[in-house]
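Written out below as structure tokens is the structure these notes cover.
There are 4 protein chains.
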Amino acid sequence: MTVNPSARATKKSDATAGDPQRRRRDATRTRQALLDAARRRFTSDGYAATTVRDIADEAGVNVALINRYFASKEGLFEACLGAAGDELRRTTGGVPFTQIPQAIARQIASSGTADLPSELALLLSSSGDTRADEIRLGVLHYASEQLASAGGRQADEPDSETILLRAQIVLAAAIGIALLRSSTPLQPLASTTEQDLIAPLRDLTDALLPPR
Amino acid sequence: MTVNPSARATKKSDATAGDPQRRRRDATRTRQALLDAARRRFTSDGYAATTVRDIADEAGVNVALINRYFASKEGLFEACLGAAGDELRRTTGGVPFTQIPQAIARQIASSGTADLPSELALLLSSSGDTRADEIRLGVLHYASEQLASAGGRQADEPDSETILLRAQIVLAAAIGIALLRSSTPLQPLASTTEQDLIAPLRDLTDALLPPR
Amino acid sequence: MTVNPSARATKKSDATAGDPQRRRRDATRTRQALLDAARRRFTSDGYAATTVRDIADEAGVNVALINRYFASKEGLFEACLGAAGDELRRTTGGVPFTQIPQAIARQIASSGTADLPSELALLLSSSGDTRADEIRLGVLHYASEQLASAGGRQADEPDSETILLRAQIVLAAAIGIALLRSSTPLQPLASTTEQDLIAPLRDLTDALLPPR
Amino acid sequence: MTVNPSARATKKSDATAGDPQRRRRDATRTRQALLDAARRRFTSDGYAATTVRDIADEAGVNVALINRYFASKEGLFEACLGAAGDELRRTTGGVPFTQIPQAIARQIASSGTADLPSELALLLSSSGDTRADEIRLGVLHYASEQLASAGGRQADEPDSETILLRAQIVLAAAIGIALLRSSTPLQPLASTTEQDLIAPLRDLTDALLPPR
DNA sequence: TATGAATGAGAATTCATTCAT
DNA sequence: GATGAATGAATTCTCATTCAT
Numbered sequence: 654m655t656v657n658p659s660a661r662a663t664k665k666s667d668a669t670a671g672d673p674q675r676r677r678r679d680a681t682r683t684r685q686a687l688l689d690a691a692r693r694r695f696t697s698d699g700y701a702a703t704t705v706r707d708i709a710d711e712a713g714v715n716v717a718l719i720n721r722y723f724a725s726k727e728g729l730f731e732a733c734l735g736a737a738g739d740e741l742r743r744t745t746g747g748v749p750f751t752q753i754p755q756a757i758a759r760q761i762a763s764s765g766t767a768d769l770p771s772e773l774a775l776l777l778s779s780s781g782d783t784r785a786d787e788i789r790l791g792v793l794h795y796a797s798e799q800l801a802s803a804g805g806r807q808a809d810e811p812d813s814e815t816i817l818l819r820a821q822i823v824l825a826a827a828i829g830i831a832l833l834r835s836s837t838p839l840q841p842l843a844s845t846t847e848q849d850l851i852a853p854l855r856d857l858t859d860a861l862l863p864p865r
Numbered sequence: 654m655t656v657n658p659s660a661r662a663t664k665k666s667d668a669t670a671g672d673p674q675r676r677r678r679d680a681t682r683t684r685q686a687l688l689d690a691a692r693r694r695f696t697s698d699g700y701a702a703t704t705v706r707d708i709a710d711e712a713g714v715n716v717a718l719i720n721r722y723f724a725s726k727e728g729l730f731e732a733c734l735g736a737a738g739d740e741l742r743r744t745t746g747g748v749p750f751t752q753i754p755q756a757i758a759r760q761i762a763s764s765g766t767a768d769l770p771s772e773l774a775l776l777l778s779s780s781g782d783t784r785a786d787e788i789r790l791g792v793l794h795y796a797s798e799q800l801a802s803a804g805g806r807q808a809d810e811p812d813s814e815t816i817l818l819r820a821q822i823v824l825a826a827a828i829g830i831a832l833l834r835s836s837t838p839l840q841p842l843a844s845t846t847e848q849d850l851i852a853p854l855r856d857l858t859d860a861l862l863p864p865r
Numbered sequence: 654m655t656v657n658p659s660a661r662a663t664k665k666s667d668a669t670a671g672d673p674q675r676r677r678r679d680a681t682r683t684r685q686a687l688l689d690a691a692r693r694r695f696t697s698d699g700y701a702a703t704t705v706r707d708i709a710d711e712a713g714v715n716v717a718l719i720n721r722y723f724a725s726k727e728g729l730f731e732a733c734l735g736a737a738g739d740e741l742r743r744t745t746g747g748v749p750f751t752q753i754p755q756a757i758a759r760q761i762a763s764s765g766t767a768d769l770p771s772e773l774a775l776l777l778s779s780s781g782d783t784r785a786d787e788i789r790l791g792v793l794h795y796a797s798e799q800l801a802s803a804g805g806r807q808a809d810e811p812d813s814e815t816i817l818l819r820a821q822i823v824l825a826a827a828i829g830i831a832l833l834r835s836s837t838p839l840q841p842l843a844s845t846t847e848q849d850l851i852a853p854l855r856d857l858t859d860a861l862l863p864p865r
Numbered sequence: 654m655t656v657n658p659s660a661r662a663t664k665k666s667d668a669t670a671g672d673p674q675r676r677r678r679d680a681t682r683t684r685q686a687l688l689d690a691a692r693r694r695f696t697s698d699g700y701a702a703t704t705v706r707d708i709a710d711e712a713g714v715n716v717a718l719i720n721r722y723f724a725s726k727e728g729l730f731e732a733c734l735g736a737a738g739d740e741l742r743r744t745t746g747g748v749p750f751t752q753i754p755q756a757i758a759r760q761i762a763s764s765g766t767a768d769l770p771s772e773l774a775l776l777l778s779s780s781g782d783t784r785a786d787e788i789r790l791g792v793l794h795y796a797s798e799q800l801a802s803a804g805g806r807q808a809d810e811p812d813s814e815t816i817l818l819r820a821q822i823v824l825a826a827a828i829g830i831a832l833l834r835s836s837t838p839l840q841p842l843a844s845t846t847e848q849d850l851i852a853p854l855r856d857l858t859d860a861l862l863p864p865r
């Protein structure tokens, strides 16, 4: 399910033309399947409510492999967080001011409603793990600073604190939306498309993050 | 055994008539202590990560009383949710449009940062319990409709769907802020006062919920 | 099974009659039952091969109580070791030289063959737990020094090192006997009585620990 | 493919004539490496506390090879026990009475303190495996009978039972010493040399096993 | 009403072993 | 012959809940 079988088959037939669809033992693929499944469950159910068995079942692999590849449930969570951070940085880093609404909307609505929820939502699932909290906080900081500087502001301006606060409110809004979409079927928000979100998000960012 | 709690309470107040403040065995007091403690822990740690023992300890009462008064952990959560809903309705119901930012700011910052977090954050802690989810969804719906109608809009207008969506985004922002403040020490957002929040929230609501 | 119900009943009626010590659902008794069962299994099977379920079943109580009363399997082991150390100190502390063989024999054969094996055997079951290892080593040291000094020797004599070594060999012999009796049905050693052991042990101690 | 290991070895030594020490794929070498590593870990940690991965890592080979060569962890243990029994028989079989202390001392101290512990200690690590227990008991029996007969005694003498008991006590002492040396750093016993042990062991055997 | 004891279900994790390459 | 992937059975521990005072 998680693993796309068709793409896999294709790749496979390229590699071992005579023996298609027979790749059962692939460490990296297993790892990724676990990572995807974990992200889904962690964001929709929260860290504590998610069992490793849930994740393994959803990934279609044996539970013990979670410990093999990620040492522990916490390790898996940290890996999810790291991946989410990377993804966020890639999507939002260096986006010009006018593109921010689109970027946020894409981030929120990127992968459908509940199928593969936005990385944003993951940033609020606390695990009680210190290391994970640090990662989370780091990503949040980075993201809000990116937003703050997108308007062309510098960190040493007199009202930089205010700007940062407003950027964090934008971030909070984005996360709030992602959460309401992934955990609660609150209509119409839950079923909006990326397009639907751009206009209100533009109003929001324009109001909170006025360019120079 | 004793089925009627009120009758019992009456008897009790008779017994301790001389010292009405100091009642060691006071059902309603115990109930309230549990409710407060539960709200704190549920919002800061999430439903699943909170143990009934945590709550009981924080409330300073015996664990078994949770089951006595609320039948189960889920029952306690539902009770918290109900109380949060009531509180929200009281705070945000019928607020005139211009007062919305203040109302939201107060709601968010009402009780300090982490000491007694806003009810808003509770609205996203899912418990996996169907009844609780219904309550939650109900409260969220009500709140967003209140916001939508605050601008003087009616539910049967042609663009009512859009208005509702925008109201839900405002709500999402409010919840996002509450969450970032209660679960993560993201500065400066985490330490802002009610006053600090009003201006940006005004900008936000003005942009998203234009009055007629 | 382990806990003698009749003895318990008797004690109980005694206790509740005049003694202010009341035992309701009896935590201390449960604790002791666990301690006894644990000592049996740890000595006969070793730490790692013993499951907490084995112990709980043998004690006739629920598994979770092990964690309740001793925090962990390791905690229970440490408690056993501590109790064994106390018991050893009580039995062997300050025993005059001529009584040593009897003391050792009693210690070894004290409680039958396998029913409640000697504390001695426990002193060799390593758990991999650092704290437990320290306790164990402390008890072993104490016991060998007791033996060394029983012959009237002082720690500052020129050959004190030799004396201590010989005392440790006596101790090793005692432990070896206890082990061979508790873990392996090596006949005739496994079924000897306390009396049977005294004569050979006297020869052994006389040969290794010559009095001044 | 290659069935005959000796043929293989021959071929091998031909092939790697210039570097006879370094053979990567050598069944008997791998087998022996596993056997040595297993003996070390089993004696120092006990059967249950030793993982097959520990052993394989220490031997520098893949884990699966344990099952390949010894069918199971228990099989490996039995093999160790068998090897230890052979070794013991070789060392102690037919030793004249006066040489017994030396033989025991050598056995105990043979291979340093912890590096390659005495086979003696292995004789007490129970595995819960019936076959292994039988082997163990057989070895212990054989050894004690050897000791008993070393004094020139016959099995049909009137006090043969007593003699056997005393021989078992000597054996118990030897095992006790080996254990205290391999598992616990009890000084000075743990660091004594073979020479240091001979004198006390002579006193011990003389006292317990008087020759005819 | 309140409390500590007790319980059973379920959680994460470890580990010997087997499979496929 | 050797290796890394995968698996299922256990094991320890936690936790909500119930029981007995």
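Protein chains in written order, with our numbering: chain A, 654 to 865; chain B, 654 to 865; chain C, 654 to 865; chain D, 654 to 865. Glycine is no exception: its CB is placed at the ideal position from the N, C-alpha and C atoms.
Query: Check whether the region 812-830 of chain B and the region 788-807 of chain A are in contact - that is, three or more C-beta pairs closer than 8 Å.; Result: no
Query: Going by beta-carbon coordinates alone, are glutamine 797 of chain A and leucine 777 of chain A separated by less than 8 Å?; Result: Here residue 797 of chain A is serine; the residue named in the question, glutamine, does not match the sequence. No, Cβ-Cβ distance for serine 797 of chain A and leucine 777 of chain A is not below 8 Å.
Query: Report yes if the C-beta distance between leucine 790 of chain B and leucine 729 of chain B is below 8 Å; otherwise report no.; Result: no
Query: What residues of chain C sit near leucine 839 of chain D, judged by a beta carbon separation below 8 Å?; Result: Leu790, Leu793, His794, Ser797, Gln821
Query: To the nearest angstrom, report how far apart valine 705 of chain B and serine 771 of chain B are at their CA atoms.; Result: 21 Å
Query: Please compile the residues from chain C whose C-beta is within a distance smaller than 9 Å of the C-beta of alanine 701 of chain D.; Result: Asp698, Gly699, Tyr700, Ala701, Ala702, Thr703
Query: Can you find a CB in chain A that lies within less than 8 Å of the CB of isoleucine 753 of chain B?; Result: no
Query: Quick one: is arginine 675 of chain B buried, meaning 16 or more other Cβ sit within 10 Å of its Cβ, or exposed?; Result: Low local confidence applies: a pLDDT of 41 at arginine 675 of chain B is under 50, so the model's placement there is unreliable, with the coordinate-based value given in what follows. That one is exposed.
Query: Just mark glutamate 787 of chain A as buried or exposed, buried being the case when its beta carbon has 16 or more other beta carbons within 10 Å.; Result: exposed
Query: Using beta-carbon positions only, say whether glycine 735 of chain C and isoleucine 828 of chain D come within less than 8 Å of one another.; Result: no
Query: Which residues, taken in chain order from the region 722-753 of chain B, show a beta carbon closer than 7 Å to some beta carbon of chain A?; Result: none
Query: Does glutamine 799 of chain D come out as helix, strand or coil in the three-state DSSP assignment?; Result: helix
Query: Can you check whether the C-beta of glycine 829 of chain D is within less than 8 Å of a C-beta belonging to chain C?; Result: yes
Query: Using 10 angstroms around the beta-carbon of glycine 699 of chain C, count the other beta-carbons present and answer buried if the total reaches 16, otherwise exposed.; Result: buried
Query: Kindly list, in the order they appear in chain B, the residues whose Cβ is closer than 8 Å to that of leucine 857 of chain A.; Result: Ile822, Ala826, Leu857, Ala860, Leu861
Query: CB-CB under 7 Å to alanine 785 of chain A, same chain, minus the five flanking residues each way: which ones, in chain order?; Result: Glu727, Phe730, Glu731, Leu734
Query: Name, please, each residue of chain B whose Cβ falls closer than 7 Å to the Cβ of glutamate 814 of chain A.; Result: Pro841
Query: I'd like to know if serine 835 of chain B contacts chain A, where contact means its C-beta is closer than 8 Å to some C-beta of that chain.; Result: no
Query: May I ask you to report which of helix, strand or coil DSSP gives aspartate 782 of chain D?; Result: coil
Query: With H, G and I counted as helix, E and B as strand and the rest as coil, what does DSSP make of threonine 696 of chain D?; Result: helix
Query: Quick check: leucine 850 of chain A and alanine 762 of chain A, are their CB atoms within less than 8 Å of each other?; Result: yes
Query: So which of B:Thr783, B:Pro754, B:Leu832 has the shortest CA-CA distance to serine 779 of chain A?; Result: B:Leu832
Query: Within the same chain, show all residues whose beta-carbon is closer than 6 Å to that of alanine 758 of chain B, passing over the 5 residues directly before and after it, in chain order.; Result: Glu847, Leu850, Ile851, Leu854
Query: Got a sec: is the Cβ-Cβ distance from leucine 777 of chain C to anything in chain D below 8 Å?; Result: yes
Query: Using a Cβ-Cβ distance cut-off of 8 Å, determine whether leucine 894 of chain D contacts chain C.; Result: Because chain D in this structure spans residues 654 to 865, residue 894 of chain D falls outside the shown range and cannot be described.
Query: Could you name the residues of the same chain whose beta carbon sits closer than 8 Å to that of asparagine 715 of chain C, not counting the 5 residues immediately before and after it, in chain order?; Result: Ala709
Query: Taking Cβ positions only, does threonine 845 of chain D come closer than 8 Å to chain C?; Result: yes
Query: I believe valine 748 of chain B touches alanine 803 of chain B by the beta-carbon criterion, under 8 Å. Please report the beta-carbon distance rounded to the nearest angstrom.; Result: 6 Å
Query: Since proline 853 of chain C meets chain D, which of its residues come closer than 8 Å, beta carbon to beta carbon?; Result: Leu818, Arg819, Ile822, Leu861
Query: Show which residues of chain B have a CB atom less than 8 Å away from the CB atom of glutamate 832 of chain A.; Result: Note that residue 832 of chain A is leucine in the sequence shown here, rather than glutamate. Result: Leu777, Ala825, Ile828, Gly829, Leu832.
Query: Which class does arginine 721 of chain D belong to by DSSP, given the choice of helix, strand or coil?; Result: helix
Query: Can you tell which of C:Ile753, C:Leu862, C:Leu718 has its C-alpha closest to the C-alpha of alanine 680 of chain C?; Result: C:Leu718
Query: Please report how far the alpha carbon of alanine 860 of chain C lies from the alpha carbon of alanine 820 of chain D, in whole angstroms.; Result: 15 Å
Query: Give the residues from the region 704-718 of chain A that approach chain B closer than 9 Å (Cβ to any Cβ), ordered along the chain.; Result: none
Query: Check whether the Cβ atoms of leucine 857 of chain D and leucine 857 of chain C lie closer than 8 Å to each other.; Result: yes
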